[in-house]
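Going by UniProt numbering, the sequence shown opens with residue 1, and the numbers climb by one from there. Where a beta carbon is used, it is the ideal one built from N, C-alpha and C, also for glycine. To keep things clear, I will list the structure first and then write my remarks on it.
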Amino acid sequence: MSHNRTRVVTVGEVMIELARGADGRFALSCGGDVFSTAIYLARAGVPVAHATALGDDVYSDRILALAAAEGVGHDLMLRVPGRLPGLYLADTGTDGAPVFHAWRDGAPAGRLFELPDWGRVAEGLLGARVVYFSGITLSLYSNDGIGRFLAVVELARQQGAKVAFDGNFRPRGWTGDAGRTRAVYMEALKRVDIALPTFADEALLWGDPSPEATIERMQAFGIKEIVVKNGAKGALVAAAGPQATQASGPQAGQHHAQQFHSHVPVPEVVVPVDTTAAGDGFNAGYLAARLAGQPPAEAAGEAHRLAAKVIRHRGAIMPRADAAVH
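The following block contains the structure:
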């Protein structure tokens with residue numbers, strides 16, 4: 001990864017979270033898939049900033065306070081007068097799987113790339129070492145917003161940034177329009193260097209029969225580093241090996257067949273308290289390890305260990321003793 005740029009820029013919504021605790025009561029916090037990854041990256045010592053749009057209310061102030069306390073840059077968090085951030089209620093089923101109910105209509109995050117000051121966000125992306133976003137991020141925006149965002153992502157990539165993407169498919173966010181979802185994802189995948197999909201999501205959206213099929217489909221877009229998360233079954237990593245990086249001439253377009261595949265098992269199967277943000281923590285652990293120079297398979301091992309910690313706690317962001325705000 002390029003070292004002439006300093007920080008990761010994550011792009012996505014931050015919402016107010018009401019999460020049920022062990023006593024049955026709901027506690028107030030903040031969450032959002034990409035924002036959770038930003039916090040875990042910051043805790044790993046990675047310079048990171050988050051791009052989103054918030055209101056001018058006390059709850060938006062709380063989100064900014066959390067970002068500041070966690071060391072997440074908030075210079076790309078735009079404020080919109082008279083608006084409120086989205087809200088979601090997080091509960092858990094008997095198997096520990098999260099159950100969400102969200103209220104986000106009218107939240108400013110969906111208009112991030114249509115706000116008058118969106119150029120400030122674009123400048124931040126152009127200077128990033130890594131741009132990271134998810135399928136949930138894409139589901140927020142109108143076609144105009146998606147067009148602007150992906151154009152900036154493409155330009156940032158041309159200027160040296162790496163682009164990381166987690167498909168994180170949630171049908172409700174796309175109002176059941178699978179055709180539009182696939183079309184938007186395909187445009188995004190053309191601009192991705194590191195894909196971090198979850199197999200269950202890919203099977204739901206694309207009908208992939210196996211993690212290997214997910215890798216093959218994504219390699220068709222030219223993605224050279226793919227990590228397919230598969231819960232307790234571990235992760236399947238595909239990344240360019242020595243032969244692939246040396247491909248040239250007429251055979252260069254066939255380099256994907258020379259990539260190595262590595263199954264990275266979960267070091268310890270953990271009975272989850274709450275699986276909210278398990279994938280977000282995994283992605284943070286993986287990216288932090290890769291930025292520190294670890295090879296893909298070892299980075300996936302680090303990612304498993306962080307995800308295992310996350311699912312031992314309720315809510316998206318696990319507490320820590322030295323955090324000013326949780």
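Query raised in the report: Helix, strand or coil for residue 172 per DSSP?
Result: In the sequence shown, residue 172 corresponds to position 172, counting from 1. Note: residue 172 maps to helix in three-state DSSP.
Query raised in the report: residue 385 to residue 209, Cα distance in whole Å?
Result: The shown model of the chain, from 1 to 326, leaves out residue 385, and the question about it has no answer.
Report task. Would you mind stating whether residue 305 and residue 272 have Cβ atoms separated by less than 8 Å? Result -> The count along the sequence shown starts at 1 and reaches residue 305 at position 305. The count along the sequence shown starts at 1 and reaches residue 272 at position 272. Their beta carbons are not under 8 Å apart, which means residue 305 does not touch residue 272 by this criterion.
Requested in this report: State the start and end residues of the unbroken beta strand (DSSP E) segment that holds residue 15.
Outcome: Here residue 15 refers to the residue found at position 15 when the sequence shown is read from its first residue. Note, residue 15: beta strand (DSSP E), 15-20.
Query raised in the report: Does the beta-carbon of residue 186 have 16 or more other beta-carbons within 10 angstroms, so that it is buried, or is it exposed?
Result: The residue you call residue 186 lines up with position 186 of the sequence shown. Under the 10 Å beta carbon count, residue 186 is surrounded by fewer than 16 other beta carbons and is classified as exposed.
Report task. For residue 194, name the three-state secondary structure that DSSP assigns. Result -> As a first step, residue 194 is located in the sequence shown; it is residue number 194 there, counting from the start. DSSP, reduced to helix, strand and coil, places residue 194 within a strand of the structure shown.
Query raised in the report: According to DSSP, is residue 184 helix, strand or coil?
Result: On the sequence shown, position 184 is the one that residue 184 refers to. Taken through DSSP and simplified to helix, strand or coil, residue 184 comes out as helix.
**Report entry** CA-to-CA distance, residue 311 to residue 32, given in whole angstroms
**Finding:** To locate residue 32, count along the sequence shown from 1; it is residue 32. To locate residue 311, count along the sequence shown from 1; it is residue 311. Their backbone Cα atoms lie some 16 Å apart in a straight line.
Requested in this report: Taking all protein chains shown into account, decide if residue 302 is buried (16 or more other Cβ within 10 angstroms of its Cβ) or exposed.
Outcome: On the sequence shown, residue 302 is found 302 positions in, with the first residue counted as 1. Buried is the call here.
Query raised in the report: Where do the ends of the alpha helix (DSSP H) carrying residue 54 lie?
Result: For this step, residue 54 is matched to residue 54 along the sequence shown. It is not in any alpha helix (DSSP H) - residue 54 instead sits in the beta strand (DSSP E) that spans 48-54.
Requested in this report: Report back the beta-carbon spacing between residue 218 and residue 183 to the nearest angstrom; my notes put them in contact at under 8 Å.
Outcome: What you label residue 218 is simply residue 218 of the sequence shown in a count that begins at 1. What you label residue 183 is simply residue 183 of the sequence shown in a count that begins at 1. The Cβ separation is near 16 Å, so there is no contact.
Requested in this report: Report the option in 260, 39, 86, 149 whose CA atom is closest to the CA atom of residue 120.
Outcome: As a working mapping, residue 120 is identified with position 120 in the sequence shown. That would be 149, whose Cα lies nearest to the Cα of residue 120.
**Report entry** Bridge partner(s) assigned by DSSP for residue 76
**Finding:** For the purposes of this step, residue 76 is identified with residue 76 of the sequence shown, where counting begins at 1. For residue 76, which the question treats as bridged, DSSP gives no partner whatsoever.
Report task. Please check the pair residue 106 and residue 135, which I expect to be a contact at CB under 8 Å, by giving their CB distance rounded to whole angstroms. Result -> Position 106 of the sequence shown, counting from 1, holds the residue named residue 106. Position 135 of the sequence shown, counting from 1, holds the residue named residue 135. Actually they do not touch by this definition, with Cβ atoms about 21 Å apart.
Requested in this report: Please report how far the alpha carbon of residue 180 lies from the alpha carbon of residue 102, in whole angstroms.
Outcome: The sequence position of residue 180 within the sequence shown is 180, counting from 1. The sequence position of residue 102 within the sequence shown is 102, counting from 1. Going by the C-alpha atoms only, they are around 21 Å apart.
Query raised in the report: With DSSP run on the structure shown, which of helix, strand or coil describes residue 275?
Result: For the purposes of this step, residue 275 is taken as residue 275 along the sequence shown, with counting starting at 1. Reduced to three states, the DSSP call for residue 275 is coil.
Query raised in the report: Is the beta carbon of residue 314 sitting closer than 8 Å to the one on residue 21?
Result: One-based indexing of the sequence shown puts residue 314 at position 314. One-based indexing of the sequence shown puts residue 21 at position 21. A contact, by the Cβ cut-off of 8 Å.
Query raised in the report: Between 16, 12, 42, which lies nearest to residue 284 when the distance is taken from Cα to Cα?
Result: Reading the sequence shown from its first residue, position 284 is the one you call residue 284. Nearest of 16, 12, 42 to residue 284, Cα basis: 42.
Report task. Please go through the stretch 110-148 and give each complete alpha helix (DSSP H) segment of 4 or more residues, from N-terminal end onward. Result -> Runs of the alpha helix (DSSP H) inside the stretch 110-148: 118-126, 135-140.
**Report entry** DSSP-derived helix/strand/coil call for residue 162
**Finding:** For the purposes of this step, residue 162 is identified with residue 162 of the sequence shown, where counting begins at 1. Residue 162: strand per DSSP, three-state reduction.
Report task. Measure the C-alpha to C-alpha separation of residue 108 and residue 142 and round it to an integer number of angstroms. Result -> The residue you call residue 108 lines up with position 108 of the sequence shown. The residue you call residue 142 lines up with position 142 of the sequence shown. Those two C-alpha atoms are separated by around 12 Å.
Query raised in the report: For residue 123, is the classification buried or exposed, using 16 other Cβ atoms within 10 angstroms of its Cβ as the cut-off for buried?
Result: Mapped onto the sequence shown, residue 123 falls at position 123. Exposed, since its Cβ has fewer than 16 Cβ neighbours within 10 Å.
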